[in-house]
Structures are given as structure tokens and as C-alpha cells.
Amino acid sequence: MSSTITSRLLAIALCAISGAALAQMGPPPPKSDIAQRIEKALASNIRTDEERARDAKERKPVPTLEFFGLKPEMKVIELLPGAGWYTKVLGPVLAEKGQYSVAISAARLAPRLAEWKLDKVRVIEDKAPLKPSGQFGVFQSDGFDLQTTDADMVLTFRNYHNMNAPTRALLNQAVFKALKPGGVYGIVDHTRRHNEPATNETWRRVDPVLVIKEVLDAGFVFEAYSDLHYRPDDDLRFDSQRDSLKGYSDRFTLKFRKPAK
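Here this note's numbering = 1-based position in the sequence shown + 465.
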């Protein structure tokens, strides 16, 4: 290679390196509108110190909800909202322009919504409540009715594993029915090794490959996954609530879409 060509290549490489360095030293890109709305909700005084402690390292609500494509004008349903960690985030974000509903074992949140000044949150009544399946921590149901057919997004966080396979199939069918064409179904849950059977240590985990198959069987298209909640030091051997994991397990983040036609 001639010295002239070598010099030109070196100059190009140096420019590229300089450009990358400048980009790193420059101001961060502006936050999206939805990120700003989520951060405002995260700063609300209705949230506890314990809830705030899980924001940055574990739950990562801003990038997680951005990944799913949340917008403030959407009609969103959260399944199995638990004690309301995400209710306190999604409720305020969607209060002005959108609609936010909680469904499946959500009635216990009803008395708290007024206290949190989240009166616009809709609690969808259980038509067929979850009941014990005979396996510890895992429940079953005769069916689900999310009482809408035009939702933009349905989300569930770390709850898919709490239902047996027939019930998960019914759930996915109900979500498909509730979403409008093009709507998004987002699932986050604790990762189980592929094809590993349930044990006392892993019942709170679920195989993401199995989840993808089950959701595709309901008619959805698999759109994307994120490694936002990957934890390299979780070797997937133990319960996600084990003290050594401090409640911060490896989790998969999957995004599905109902076909537009």
C-alpha cells in the first residue's frame, strides 16, 4: 500500500475517532416527551422511598416504557398490577390525554386510587377470578374479559409466571381480543433456562422461548426484545426472590404486536 493511501486512511480514522470523542463529550440528546412525563410521575410524592429505590437499577421505567412505545394519548391496560408500582407511573402519564386501566386481581387497588389522586384509573372487574391451581404460587382461571376491543397497549410486569399453561393461553387470547389492530403486548418476567422444568427454586421464573411460542400461538407477531433487564451475575439457578439476588433477577423484556390486518 502506498504511503499516500496509508496517510489518507490514517486521517480518516483519526477523524472518526475525534468525531466519536466529541460526540461523547457533547451534550446528551434531548429527552423524549414521554420520558419527561414518566420522570415527572416518578418524582410524585405519592411514591414511597422503597418504590424509588427500585427505579434506576432494577425497574428502569423510562427506557422500559419507551421500548414498548408508550405515548400519552394511548389506551393502556396493565395486567395484575400488584401493589401499584407501575400504577403510580402510568396513571399520571396517561391521565391527561389517554386512558389507563388495571385488570386481573386489581380490585384491591380501588381504595388506594383516590388516596393517590388517580381517580381516572379504571379498574376492570374480574369476571372469572384467579384461583389456586394446586401448584404453589401458580393460579388458573376459566377465562378473562378485558372489556374492550380498542386498547393500544397491554402490559404485564413479572406476573406471566403466576399462571399455568392453559390459563396463559386464555390470557393471551383475551389480550389479543382487547387490542386494536396494531396494538402492542409487552411482557417482562423473570428468566428461566430454556426447557428447564419448574422446581421449588424456579417456579417464579418462566422460559422466554416458551412465552414467545405461547403468544405467537394466540395470533401475535413477535416484534422485538430488549436486554434492559439482563443481569449477568444471575445464573438462573435460584428463586428470583433469593437474598443473594436482592429482588433483582435477570428478566426478559418482550414486545409483541397484533397484526394490523
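Heads up, the beta-carbon is just placed ideally off N, CA and C, and yes, glycines get one too.
Other residues of its chain near residue i: CB distance less than 6 Å, five sequence neighbours each side excluded
i    : result
K562 : P537 and E538
Q638 : A683
S598 : F604, Q605 and N629
E523 : Y713
L535 : I499
F532 : S691
V586 : G556, Y565 and L578
I511 : K553 and W581
Chain D contact for residue i (CB, 9 Å cutoff)
i    : result
L719 : Of the chains in the structure shown, none is chain D; there is only one protein chain.
Contacts around residue i, its chain only, beta-carbon distance under 7 Å, and the 5 residues preceding and following it disregarded
i    : result
T613 : A643
D607 : A593
R696 : Y713, S714 and D715
D615 : K540 and K645
Backbone secondary structure at residue i - three-state DSSP
i    : result
Y690 : strand
E543 : strand
K553 : helix
T718 : strand
F604 : strand
I589 : strand
K723 : coil
K596 : strand
Q501 : helix
A560 : helix
A518 : coil
Straight-line Cα distance separating residue j from residue i
i    : j    : result
L544 : P495 : 31 Å
L636 : T621 : 11 Å
L530 : A572 : 24 Å
T552 : S497 : 21 Å
D584 : P528 : 26 Å
S709 : P646 : 43 Å
F721 : E688 : 5 Å
A560 : P576 : 18 Å
P631 : E679 : 10 Å
R502 : K711 : 29 Å
D700 : R657 : 10 Å
D591 : M618 : 19 Å
Whole-Å CB distance - residue i paired with residue j, under 8 Å assumed
i    : j    : result
I542 : L595 : I542 to L595, Cβ: 16 Å. No contact.
D704 : R669 : 6 Å
F601 : I569 : Actually they are not in contact, since the Cβ atoms of F601 and I569 sit about 19 Å apart, beyond 8 Å.
Other residues of its chain near residue i: CB distance less than 8 Å, five sequence neighbours each side excluded
i    : result
L693 : K525, P528, T529, F532 and T718
H655 : R623, H626, R669, R670, V671, S705, S714, D715 and R716
Segments assigned alpha helix (DSSP H), at least 4 residues, entirely inside the segment 611-661
Along the length of the segment 611-661, whole alpha helix (DSSP H) runs at least 4 residues long occupy 630-643, reported in chain order.
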